[in-house]
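Asker: If you scroll down you'll find the structure; I have some questions about it.
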Amino acid sequence: MDPKPKKTRIVKDKWKRNIEKRNRHTAKGFPSLPTCTHSKTFYCPKLKLQDVRRFHQSFYETPNKVDQDNFILKHTKQLAPAKNRKRKNYERLDNNVERKSCISIKYFVLTRLEGMVQVAPKLFLQFWVFLNTAFKILARSIF
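Quick note on numbering: the sequence shown equals residues 2 to 144 in the numbering used here.
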């Protein structure tokens with residue numbers, strides 16, 4: 002009797018689609034040291050290279066998008082803006098419907114000595130190759 006050939010095992014990690022997805026959510030390179038000169042609210046000039054490296058490394062620890070989204074939400078604070086200003090091309094909405102674009106986002110970085118410190122949005126987005134709209138969509142879905 003001939004032994005039956007065994008069916009090959011499915012290895013989903015080697016599928017082209019899953020490899021592309023994993024590569025999309027891995028680090029493209031190391032972020033540069035912040036160059037902003039904020040002095041009051043933002044802690045940008047006092048960030049050390051070691052803090053930037055740790056923060057970047059902890060974000061890309063897993064290439065899973067859900068974990069990365071949770072990391073972003075953990076390091077941002079979504080608030081309603083203090084003032085709602087009208088825009089030129091503002092269309093009137095029903096009183097019952099709220100505008101989804103009315104959201105203010107504060108960005109925080111975890112440092113070794115100071116803990117969570119607020120940084121400028123431009124610096125926070127510099128850490129990753131993300132679009133600003135991706136952060137806003139993510140924050141808006143939670144808020």
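Virtual Cβ for every residue (Gly too), placed ideally from N, Cα, C.
Let me know the secondary structure DSSP gives residue 145 once reduced to three states.
Answerer: In the structure displayed, the chain extends from 2 to 144; residue 145 sits before or after that span and is not available.
Asker: Among 120, 124, 105, 128, which has the Cα closest to the Cα of residue 42?
Answerer: Taking the first residue of the sequence shown as position 1, residue 42 is located at position 41. Closest option to residue 42, Cα to Cα, is 120.
Asker: From which residue to which residue does the beta strand (DSSP E) around residue 80 run?
Answerer: As a first step, residue 80 must be located in the sequence shown, where it is residue number 79. Taken as a continuous stretch (DSSP letters only), the beta strand (DSSP E) holding residue 80 covers 77-80.
Asker: Going by Cα to Cα distance, which pick from 27, 49, 31 is closest to residue 37?
Answerer: Counting from one through the sequence shown, the residue named residue 37 turns up at place 36. When each option's Cα is compared against that of residue 37, the closest is 49.
Asker: Determine the contact status of residue 107 and residue 78, defining contact as a CB-CB distance below 8 Å.
Answerer: By one-based count along the sequence shown, residue 107 stands at place 106. By one-based count along the sequence shown, residue 78 stands at place 77. The answer is yes: Cβ separation under 8 Å.
Asker: Buried or exposed: where does residue 73 fall if 16 or more other Cβ atoms within 10 Å of its Cβ makes it buried?
Answerer: Sequence index remark: in the sequence shown, residue 73 carries index 72 (1-based). Result: buried.
Asker: Within the same chain, show all residues whose beta-carbon is closer than 8 Å to that of residue 55, passing over the 5 residues directly before and after it, in chain order.
Answerer: Residue mapping note: residue 55 aligns to position 54 of the sequence shown, counting from 1. Around residue 55: 111, 113.
Asker: When the Cα atoms are used, what is the spatial distance from residue 7 to residue 21?
Answerer: Counting from one through the sequence shown, the residue named residue 7 turns up at place 6. Counting from one through the sequence shown, the residue named residue 21 turns up at place 20. Near 29 Å, if we compare the C-alpha coordinates of residue 21 and residue 7.
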